[in-house]
Structure formats: structure tokens, C-alpha cells
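Student: Got a structure for you, written out below as C-alpha cells; questions coming shortly.
Number of protein chains: 2
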Amino acid sequence: MPPMKETPSAPLHKPHAMSARFELIGVDWGATNLRAYALGPDGALLDQRESSAGVRTLGPGAFAGALADILKGWPGAPVLMCGMIGARQGWVEAPYCITPVSAGELARAFTQAAPGVQIVCGVAQRAEGLLRDVMRGEETQVFGAVEEDSSARLVCPGTHSKWVEVESGRIVALRTYLTGELFALLREHSMLGVPRHNSAFNPGPFTEGLERGLEDRALSAAIFSTRVAMLDDRMRADETGDYLSGLLIGAEFAGAAPRGDIHIIAAPTLAERYTHALRHIGARPHIVSPDRAVPRGLWRIWSNAHHDRPARAPG
Amino acid sequence: MPPMKETPSAPLHKPHAMSARFELIGVDWGATNLRAYALGPDGALLDQRESSAGVRTLGPGAFAGALADILKGWPGAPVLMCGMIGARQGWVEAPYCITPVSAGELARAFTQAAPGVQIVCGVAQRAEGLLRDVMRGEETQVFGAVEEDSSARLVCPGTHSKWVEVESGRIVALRTYLTGELFALLREHSMLGVPRHNSAFNPGPFTEGLERGLEDRALSAAIFSTRVAMLDDRMRADETGDYLSGLLIGAEFAGAAPRGDIHIIAAPTLAERYTHALRHIGARPHIVSPDRAVPRGLWRIWSNAHHDRPARAPG
Numbered sequence: 083m084p085p086m087k088e089t090p091s092a093p094l095h096k097p098h099a100m101s102a103r104f105e106l107i108g109v110d111w112g113a114t115n116l117r118a119y120a121l122g123p124d125g126a127l128l129d130q131r132e133s134s135a136g137v138r139t140l141g142p143g144a145f146a147g148a149l150a151d152i153l154k155g156w157p158g159a160p161v162l163m164c165g166m167i168g169a170r171q172g173w174v175e176a177p178y179c180i181t182p183v184s185a186g187e188l189a190r191a192f193t194q195a196a197p198g199v200q201i202v203c204g205v206a207q208r209a210e211g212l213l214r215d216v217m218r219g220e221e222t223q224v225f226g227a228v229e230e231d232s233s234a235r236l237v238c239p240g241t242h243s244k245w246v247e248v249e250s251g252r253i254v255a256l257r258t259y260l261t262g263e264l265f266a267l268l269r270e271h272s273m274l275g276v277p278r279h280n281s282a283f284n285p286g287p288f289t290e291g292l293e294r295g296l297e298d299r300a301l302s303a304a305i306f307s308t309r310v311a312m313l314d315d316r317m318r319a320d321e322t323g324d325y326l327s328g329l330l331i332g333a334e335f336a337g338a339a340p341r342g343d344i345h346i347i348a349a350p351t352l353a354e355r356y357t358h359a360l361r362h363i364g365a366r367p368h369i370v371s372p373d374r375a376v377p378r379g380l381w382r383i384w385s386n387a388h389h390d391r392p393a394r395a396p397g
Numbered sequence: 083m084p085p086m087k088e089t090p091s092a093p094l095h096k097p098h099a100m101s102a103r104f105e106l107i108g109v110d111w112g113a114t115n116l117r118a119y120a121l122g123p124d125g126a127l128l129d130q131r132e133s134s135a136g137v138r139t140l141g142p143g144a145f146a147g148a149l150a151d152i153l154k155g156w157p158g159a160p161v162l163m164c165g166m167i168g169a170r171q172g173w174v175e176a177p178y179c180i181t182p183v184s185a186g187e188l189a190r191a192f193t194q195a196a197p198g199v200q201i202v203c204g205v206a207q208r209a210e211g212l213l214r215d216v217m218r219g220e221e222t223q224v225f226g227a228v229e230e231d232s233s234a235r236l237v238c239p240g241t242h243s244k245w246v247e248v249e250s251g252r253i254v255a256l257r258t259y260l261t262g263e264l265f266a267l268l269r270e271h272s273m274l275g276v277p278r279h280n281s282a283f284n285p286g287p288f289t290e291g292l293e294r295g296l297e298d299r300a301l302s303a304a305i306f307s308t309r310v311a312m313l314d315d316r317m318r319a320d321e322t323g324d325y326l327s328g329l330l331i332g333a334e335f336a337g338a339a340p341r342g343d344i345h346i347i348a349a350p351t352l353a354e355r356y357t358h359a360l361r362h363i364g365a366r367p368h369i370v371s372p373d374r375a376v377p378r379g380l381w382r383i384w385s386n387a388h389h390d391r392p393a394r395a396p397g
């Protein structure tokens with residue numbers, strides 16, 4: 083595609099050396115983090131910033147100020163945001179687009195938070211008239227991770243692990259597993275006695291937990307095996323974190339039934355566990371960094387809103 | 083059987099109007115509670131006391147004092163204790179008897195905590211050389227709830243819900259579900275948004291959750307449906323506690339597969355939920371109060387230790 087022209091909505095009011103090159107400011111605004119990406123022509127990543135001003139940290143009314151803070155000194159450009167910022171407890175509630183959803187459909191459903199500041203809607207799945215599952219932010223990562231019009235299976239691991247299916251460029255299904263949240267709750271607050279400190283990934287107890295989680299469909303009973311293994315003096319306390327992590331990922335796999343190529347959108351620590359687990363069951367993992375997927379996804383959705391044909395994604 | 087005589091180990095050192103009638107002091111000492119039962123001839127319940135001096139509240143070295151406090155003013159008698167007091171973090175660690183286990187076998191395996199003060203061992207199941215599951219205290223409730231030499235299926239619901247199978251008077255199998263603990267963790271600390279206040283049992287959302295938990299074998303994904311139902315405005319926030327409770331009990335039933343007669347050893351509030359749930363799936367619930375099952379069980383185990391044939395359990 084030809085280099086993009088300045089969009090009419092871009093508030094390029096400041097004369098600035100870099101300003102001609104800022105086409106879009108992409109913002110990933112989650113519960114505990116705020117990330118901003120400065121994108122130039124063709125979506126090239128020019129600069130990026132991060133702060134801990136997450137949606138849950140900030141009170142209502144604090145969002146405009148927090149955005150101005152993180153953008154300070156950058157030339158003005160249209161802002162496109164994704165993530166929890168569009169939730170009920172965010173800046174402005176953005177609706178959910180119902181599956182199947184393409185990047186083009188997301189581009190026609192922005193919600194305006196302020197002049198020049200828009201939010202990508204979330205994605206929801208319905209079945210038999212009922213809402214079945216929802217996500218906010220992962221839809222943008224997904225469109226940044228998959229090629230135009232392709233089909234793929236993806237997982238965005240984390241507090242709430244999201245499994246997403248894409249067919250011919252459209253998100254057709256999603257399912258949320260509470261893997262990360264259950265792990266944190268059980269480690270921090272339960273009677274299992276799993277130590278809180280983090281240590282390096284230990285594949286032995288992780289794989290043992292993984293196999294238990296894959297086989298034992300009674301998760302609330304399988305979790306107790308973490309305690310039993312310690313009572314048996316068969317597992318050291320510092321191994322139980324990896325065992326429990328494997329067990330919960332195994333239970334996730336028992337539900338999601340991954341096979342073939344799976345795209346993992348995750349930072350290195352989590353990606354390592356999912357890669358190990360997917361290889362263990364014979365699937366083929368492909369890691370995509372969220373820091374790459376989010377700006378690519380925002381650019382792709384933005385381009386769909388401003389051009390008849392989709393833009394090339396940034397490198 | 084004939085009325086029991088004073089046992090040789092009974093330290094009846096104080097002349098006391100009631101002393102001739104105290105045959106045994108039964109103690110149920112759990113993580114957060116201490117209960118004492120004064121038992122007379124034939125195990126008749128003469129008096130009972132309760133305090134919040136649970137094992138987890140007390141530090142090491144505080145157990146003898148806490149026991150003396152709760153027994154103050156009672157005539158001396160041998161003390162038989164069950165529950166977490168025999169765990170690694172309790173007074174003295176009592177071993178586990180391995181299934182199958184009868185009341186008579188428990189009676190031959192007391193652990194002495196102090197002169198005249200003994201602890202009933204826990205019960206564990208092993209399979210393929212590995213420890214599979216454990217319980218402490220529930221074995222005593224079970225022997226207090228079932229008839230001599232009978233066969234039965236029992237559940238002791240709670241923080242850790244224990245399912246126990248008894249065949250011809252012996253515990254042959256047990257399995258622990260983290261139902262109560264998961265409910266508390268998810269309500270107190272998770273992002274689901276379930277209100278913390280307790281309200282009266284609401285069978286509508288409870289049954290909806292129960293059916294979801296029975297059907298959906300991916301528990302860590304099913305739990306997220308609690309949040310989705312709220313986002314859909316299909317469920318009020320004050321209904322989500324009952325929905326989540328039903329869902330976790332449904333997942334427990336999916337694993338335990340109850341049918342026919344099931345004995346529920348639980349206080350009224352929990353018993354009501356399990357009764358409703360068991361009737362819903364066509365099983366026949368029978369409620370036994372722990373305040374009845376524990377002294378009966380302690381008396382039965384004690385009698386096995388002191389007579390060739392088992393004693394009649396108290397009414």
C-alpha cells in the first residue's frame with residue numbers, strides 16, 4: 083500500500099520534528115498496566131512507553147489525565163486503545179462485537195472516549211441466545227498475530243487464559259480459563275502450602291502436574307494432590323509451584339484440546355511453560371510477543387477503518 | 083453391652099459429684115475450632131463445650147494449656163482426640179492408617195500426646211505405591227455415622243469436601259474436593275465480582291450452577307461463566323454466590339458420581355445445599371450432624387480399644 087497520509091482526525095497542532103511521522107498512537111490499557119506505541123507510516127513502531135497506571139489502579143475520572151501523562155512530549159496523533167479501558171469499570175464502556183468478527187468489523191465499531199481517542203470493542207460469543215464468553219484486548223493481539231484471511235488457533239495465557247479460533251480472518255470462537263488467577267489464589271491464600279517465592283521453571287514437577295491435569299477431570303480434587311505429594315515427602319515444597327502450574331495448564335488443555343499449530347501470545351516466562359506443555363502433547367507452539375502483536379493489531383484494525391483494503395502490518 | 087467400668091487409665095483424682103459418670107472426654111480439634119464432649123457409660127453425651135482455640139490459631143507449645151482450659155471444672159477422664167491436632171502442625175503428628183481401615187484398626191493405633199491424652203490416627207489411601215489422598219477427623223465422623231459392619235457412601239462437605247466409601251465396616255476409599263476452599267478464594271479474592279455477604283439459600287441460581295458444573299468438565303473455564311452471567315445482565319450480583327456454590331458442588335458430583343443413599347455429615351447450612359443437590363440428581367440424602375457423629379465415632383473407636391466387641395454407640 084502507498085504511505086498513509088495524515089488522517090483528518092489527527093490533531094497535529096504542534097510543530098515538532100517527529101510529528102509528520104506519527105500516524106497513530108496505539109494504547110494497550112489493561113487492569114494493571116498502560117502501554118503506548120507510537121506508529122509511523124505503514125505502522126512502523128517508532129517509540130513505546132509503559133506505566134503502571136492500570137484501569138484498576140485509577141479511579142473514574144483519572145483516565146484522561148493518565149493518558150495525557152504517558153503521551154507527554156509525543157507529537158499529537160489519533161489514539162486507538164484496546165483492553166480493559168473499554169470495560170464497565172473503564173473510561174467509557176465499549177460494546178462487544180459478536181463472533182464471527184473480522185478486523186474490518188472491529189474497525190466499524192469504535193467507541194469514542196474523547197475527541198481523537200477511540201476504543202476497540204471487545205469480542206463476545208453467544209450461543210442459544212446467551213452470552214457464553216467475552217474478551218477485551220485479546221482480539222487486538224489476535225489480529226496482530228495472524229496473517230490476513232488466515233485460519234489459526236491461538237492462546238493468550240495469563241490471569242485469564244483465552245483460547246481463540248480464527249477462520250479465514252474472522253474470530254469464530256473463544257473460551258476463557260481461569261488458569262493464572264486460580265494459580266495465584268491457591269498459592270497466595272490457600273491451605274495447600276505452596277511457597278510464594280518465584281523460582282526458575284522446573285520442568286520435572288511441571289510435567290508431572292501437566293499429566294495429572296490432562297488425565298484427572300475432577301480439577302477441584304486434582305488440586306489437592308499438590309498437598310498430598312508434600313505429605314508423602316515425595317515432592318519438595320519448592321517444587322509444588324511448578325506442579326500446580328502444570329496441573330492447571332493440563333486442565334486447561336483437557337478443555338481446549340490443542341493440536342497442530344498453536345500461536346502463544348505471551349511474554350517469555352509464560353510462553354516457556356506453554357511451549358513446553360504444547361510440545362509435550364505433540365502440538366506445535368509458535369510464540370508471538372504481545373509487544374509485537376498489540377501494535378500490529380491496532381494498526382491493522384485502524385487501517386481497516388481508513389482504507390478500503392487492509393494495511394501492511396508493521397515488522 | 084454391659085455398662086462400662088472405669089478404665090484403668092482414667093485419672094479420676096478429683097472427688098466430684100459427676101466424676102463417676104465420666105468415662106471418656108472426646109475432643110474434635112480442627113484448624114479453627116476445639117470441641118469437647120463428656121461421655122458417660124454407654125457413651126451417653128453428658129456435656130459439651132466449644133472454643134475457637136483451633137490448631138491454626140495456637141502456636142506450638144500452646145496445646146496442653148488450651149486443652150486444660152476447655153476441660154476446666156470437668157472431672158478427669160481419659161481424653162481421645164481427632165482432627166488436625168494430629169497433623170504435622172498439630173500437637174504430636176499421628177500417622178495415617180492405610181485403607182481399608184476399620185474402627186478396630188484405628189483403636190490399635192492411637193498416638194499419645196500426653197499421659198491420658200491420645201490421638202486417633204488419620205486415614206490415607208495409597209495406590210501404585212503412592213499416597214493418593216488423606217483425611218484427619220472425618221474417619222471418626224464416618225464411624226460415628228454408619229452402623230456396625232455396614233456399607234455406605236458418605237460426604238463430609240466443607241473447606242475440603244471428603245467423599246468416603248465404607249464396605250462392611252471398613253473405610254475402603256476416600257477423595258478430597260477443594261469445593262469450600264475454592265468458593266471462599268473465588269468470592270474473597272478473585273476478579274469474578276461475587277459479593278462477599280452471605281444471604282439465604284437461593285435454589286434458582288444454585289441449581290443453574292449445579293447443572294453447569296455437572297455438565298462442563300472444564301472447571302477453570304466453567305467458573306468464568308459466573309462473570310459472564312453478570313455481564314449479560316442475566317444474573318444479579320446477589321445471585322452469583324449461589325450460582326458459584328452450585329457450580330463447584332456440581333463439579334464435585336461430576337467427579338464423585340453419587341447415587342443411591344448418601345450420608346451427609348454437615349451442619350444445617352451446608353447440609354441444605356448438599357441435600358438439594360443430591361435430590362436434584364436423584365440420589366437419596368441422609369443428614370447426620372457432626373455434633374452427633376463425632377462423639378459417637380470417638381466412643382466407638384475407644385470402645386474397640388477397650389473391649390473385645392464394639393460398644394453400643396450413644397443415642
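Those sequence lines, one after another, are chains A and B.
For the first sequence, the residue numbers in the working numbering are 83 to 397.
For the second sequence, the residue numbers in the working numbering are 83 to 397.
Just so it is clear, CB atoms sit at the ideal spot from N, CA and C, and this is done for glycine as well.
Using the C-alpha atoms, what's the distance from Gly332 of chain A back to Pro392 of chain A?
Tutor: Taking the first sequence and counting its residues from 1, one reaches residue 392 of chain A at position 310. Taking the first sequence and counting its residues from 1, one reaches residue 332 of chain A at position 250. Because Pro392 of chain A carries a pLDDT of 45, less than 50, the predicted location of this residue cannot be relied on, and the following value inherits that uncertainty. Their Cα atoms are separated by approximately 38 Å.
Student: For the candidate residues A:Ala176, A:Trp384, A:Thr351 and A:Gly155, whose alpha-carbon lies nearest to that of Phe283 of chain A?
Tutor: Numbered from 1 along the first sequence, position 201 holds the residue referred to as residue 283 of chain A. It is A:Thr351 whose Cα lies nearest to the Cα of Phe283 of chain A.
Student: So with Cβ pairs under 7 Å, would you call Ser272 of chain B a contact of chain A?
Tutor: The residue labelled residue 272 of chain B in the question sits at position 190 within the second sequence. So yes, Ser272 of chain B belongs to the interface.
Student: Do you know how far the Cα of Ile201 of chain B is from the Cα of Ala146 of chain B?
Tutor: By 1-based counting over the second sequence, the position of residue 146 of chain B is 64. By 1-based counting over the second sequence, the position of residue 201 of chain B is 119. Each residue's Cα considered, the two are about 13 Å apart.
Student: Kindly list, in the order they appear in chain B, the residues whose Cβ is closer than 9 Å to that of Asp215 of chain A.
Tutor: Your numbering for residue 215 of chain A matches position 133 in the first sequence. Under the 9 Å cutoff, chain B gives Ala303, Phe306, Ser307 and Val310.
Student: Here's a check: name, in chain order, each residue in its chain whose Cβ is nearer than 7 Å to the Cβ of Trp111 of chain B, leaving out the five neighbours to either side.
Tutor: In the second sequence, the residue the question calls residue 111 of chain B occupies position 29. Once the five neighbours on either side are set aside, the close Cβ partners of Trp111 of chain B are Val137, Met163, Gly165, Met166 and Ile167.
Student: Given this structure, state the Cα-to-Cα distance separating Ala279 of chain B from Glu321 of chain B, to the nearest angstrom.
Tutor: For the purposes of this step, residue 279 of chain B is taken as the residue at position 197 of the second sequence. For the purposes of this step, residue 321 of chain B is taken as the residue at position 239 of the second sequence. Residue 279 of chain B is actually His in this sequence, not Ala. Computed Cα separation, rounded: 11 Å.
Student: Could you have a look at Val174 of chain A and say whether DSSP puts it in helix, strand or coil?
Tutor: In the first sequence, residue 174 of chain A corresponds to position 92, counting from 1. In the structure shown, Val174 of chain A sits in coil (DSSP, three-state: anything other than H, G, I, E or B).
Student: Tell me, please, whether the CB atom of Met332 of chain A is closer than 7 Å to any CB atom in chain B?
Tutor: Residue 332 of chain A sits at position 250 when you count from the first residue of the first sequence. A quick correction: the sequence has Gly, not Met, at residue 332 of chain A. Chain B, which has no Cβ nearer than 7 Å to the Cβ of Gly332 of chain A, makes this no.
Student: Starting from the beta carbon of Glu263 of chain B, find every residue of chain A whose beta carbon is closer than 8 Å, and list them in chain order.
Tutor: On the second sequence, position 181 is the one that residue 263 of chain B refers to. Ordered by position in chain A, the residues that pass the 8 Å Cβ test against Glu263 of chain B are Ser272 and Met273.
Student: By DSSP's criteria, Met163 of chain A is part of a beta bridge. Which residues make up the other side?
Tutor: Residue numbering aside, residue 163 of chain A sits at position 81 when the first sequence is read from its first letter. Answer by DSSP bridge pairing, in chain order: A:Val109 and A:Ile201.
Student: Assess contact between the segment 139-156 of chain B and the segment 373-383 of chain B, defined as three or more Cβ pairs (one per stretch) separated by less than 8 Å. Is contact present?
Tutor: no
Student: At which residue ranges does the segment 178-258 of chain B contain complete alpha helix (DSSP H) runs of 4 or more residues, listed in the order of the chain?
Tutor: 185-189 and 220-227
Student: Closest Cβ-Cβ distance between Ala359 of chain B and chain A: below 7 Å?
Tutor: Along the second sequence, read from residue 1 onward, the residue named residue 359 of chain B stands at position 277. For Ala359 of chain B, the answer is no, since every Cβ of chain A falls outside 7 Å of its Cβ.
Student: Of the residues B:Val199, B:Glu230, B:Gly198 and B:Val246, which one's Cα is nearest the Cα of Arg218 of chain B?
Tutor: Looking up residue 218 of chain B in the second sequence gives position 136. With distances taken between Cα atoms, Arg218 of chain B lies closest to B:Val246.
Student: Please determine, among A:Val174, A:Pro197 and A:Gln207, the residue with the shortest C-alpha to C-alpha distance to Ile180 of chain A.
Tutor: The residue given as residue 180 of chain A occupies position 98 in the first sequence. Minimum Cα distance to Ile180 of chain A is reached at A:Gln207.
Student: State the CB to CB distance for the pair Gly327 of chain B and Ala349 of chain B, rounded to an integer number of angstroms; the pair is presumed to be in contact (CB under 8 Å).
Tutor: By one-based count along the second sequence, residue 327 of chain B stands at place 245. By one-based count along the second sequence, residue 349 of chain B stands at place 267. For the record, residue 327 of chain B in the displayed sequence is Ser; it is not Gly. About 15 Å separates the two Cβ atoms, so there is no contact after all.
Student: Determine, for Tyr259 of chain B, whether the minimum Cβ-Cβ distance to residues of chain A falls below 7 Å.
Tutor: What you label residue 259 of chain B is simply residue 177 of the second sequence in a count that begins at 1. So yes, Tyr259 of chain B belongs to the interface.
Student: Can you give the Cα-Cα distance for Asn386 of chain B and Leu260 of chain B, rounded to whole angstroms?
Tutor: The residue you call residue 386 of chain B lines up with position 304 of the second sequence. The residue you call residue 260 of chain B lines up with position 178 of the second sequence. When rounded, the distance between both Cα atoms is 32 Å.
Student: Quick check on the DSSP output: the alpha helix (DSSP H) that includes Ala353 of chain B runs from which residue to which?
Tutor: The residue you call residue 353 of chain B lines up with position 271 of the second sequence. Unbroken alpha helix (DSSP H) run through Ala353 of chain B: Pro350 to His362.
Student: For Glu334 of chain A, report the span of its alpha helix (DSSP H) as first-last.
Tutor: Looking up residue 334 of chain A in the first sequence gives position 252. Thr322 to Ala338 is the extent of the alpha helix (DSSP H) around Glu334 of chain A.
Student: Anything in chain A within Cβ reach of Gly337 of chain B, meaning under 8 Å, just list it in chain order.
Tutor: Here the question's residue 337 of chain B lines up with position 255 in the second sequence. Near Gly337 of chain B (Cβ distances below 8 Å), the residues of chain A are Arg299, Ala300, Ser302 and Ala303.
Student: Flag this pair as yes or no: are the beta carbons of Val161 of chain A and Val109 of chain A separated by less than 7 Å?
Tutor: Indexing the first sequence from 1 puts residue 161 of chain A at position 79. Indexing the first sequence from 1 puts residue 109 of chain A at position 27. Going by C-beta atoms, Val161 of chain A is nearer than 7 Å to Val109 of chain A.
Student: Give me whichever residues DSSP pairs with His345 of chain A in a beta bridge.
Tutor: Mapped onto the first sequence, residue 345 of chain A falls at position 263. According to DSSP, His345 of chain A bridges with A:Leu236 and A:His368.
Student: Is the number of C-beta pairs between the segment 329-347 of chain A and the segment 223-237 of chain A that are closer than 8 Å three or more?
Tutor: yes
Student: How should Leu133 of chain B be labelled, buried or exposed, when 16 other C-beta atoms within 10 angstroms of its C-beta is the threshold for buried?
Tutor: Within the second sequence, residue 133 of chain B is the residue found at index 51, counting from 1. Per the sequence presented here, residue 133 of chain B reads as Ser, with Leu not at that position. Per the 10 Å Cβ criterion, exposed.
Student: Pick out whichever of A:Gly240, A:Arg257 and A:Ala148 has its Cα sitting closest to the Cα of Leu301 of chain B.
Tutor: Locating residue 301 of chain B in the second sequence gives position 219, where the first residue counts as 1. Residue A:Arg257 is the option with its Cα nearest to Leu301 of chain B.
Student: Measuring CA to CA, which of B:Ala148, B:Arg366, B:Glu270 and B:Pro285 is closest to Thr114 of chain B?
Tutor: The sequence position of residue 114 of chain B within the second sequence is 32, counting from 1. With distances taken between Cα atoms, Thr114 of chain B lies closest to B:Ala148.
Student: Compute the Euclidean distance between the alpha carbons of Asp390 of chain B and Phe288 of chain A, then round it to the nearest angstrom.
Tutor: Looking up residue 390 of chain B in the second sequence gives position 308. Looking up residue 288 of chain A in the first sequence gives position 206. Any answer about Asp390 of chain B is weak, because its pLDDT of 49 lies below 50 and its placement is not dependable; what the coordinates show is given next. In this structure, the straight-line span from the alpha carbon of Asp390 of chain B to that of Phe288 of chain A is close to 50 Å.
Student: Thinking just about the alpha-carbon of each residue, which of B:Arg294, B:Thr308, B:Ser307 and B:Arg170 is nearest to the one in Gly141 of chain B?
Tutor: Residue 141 of chain B sits at position 59 when you count from the first residue of the second sequence. Checked all of B:Arg294, B:Thr308, B:Ser307 and B:Arg170; the closest Cα to Gly141 of chain B is B:Arg170.
Student: Is it buried or exposed, Gln194 of chain B, if we count other Cβ atoms within 10 angstroms and call 16 or more buried?
Tutor: Position 112 of the second sequence, counting from 1, holds the residue named residue 194 of chain B. So Gln194 of chain B counts as exposed.
Student: Run down chain A in chain order and give the residues with a C-beta less than 9 Å from the C-beta of Arg316 of chain B.
Tutor: Stepping through the second sequence from its first residue, residue 316 of chain B is reached at position 234. Contact annotation for Arg316 of chain B against chain A: Leu212 and Leu213 [CB-CB distance below 9 Å, chain order].
Student: Just to confirm the assignment, what range does the alpha helix (DSSP H) spanning Leu301 of chain A have?
Tutor: On the first sequence, residue 301 of chain A is found 219 positions in, with the first residue counted as 1. It spans Leu301 to Ala304 - the alpha helix (DSSP H) in which Leu301 of chain A sits, taken as one unbroken run.
Student: Look up Lys87 of chain A in the DSSP assignment and say whether it is helix, strand or coil.
Tutor: Counting from 1 along the first sequence, the entry for residue 87 of chain A is found at position 5. Below a pLDDT of 50, predicted positions are generally treated as unreliable, and Lys87 of chain A, at 38, falls in that range; no measurement from the model is reported.
Student: Can the beta-carbon of Gly295 of chain A be found closer than 7 Å to that of Leu264 of chain A?
Tutor: As a first step, residue 295 of chain A is located in the first sequence; it is residue number 213 there, counting from the start. As a first step, residue 264 of chain A is located in the first sequence; it is residue number 182 there, counting from the start. Cβ atoms of Gly295 of chain A and Leu264 of chain A: not closer than 7 Å.
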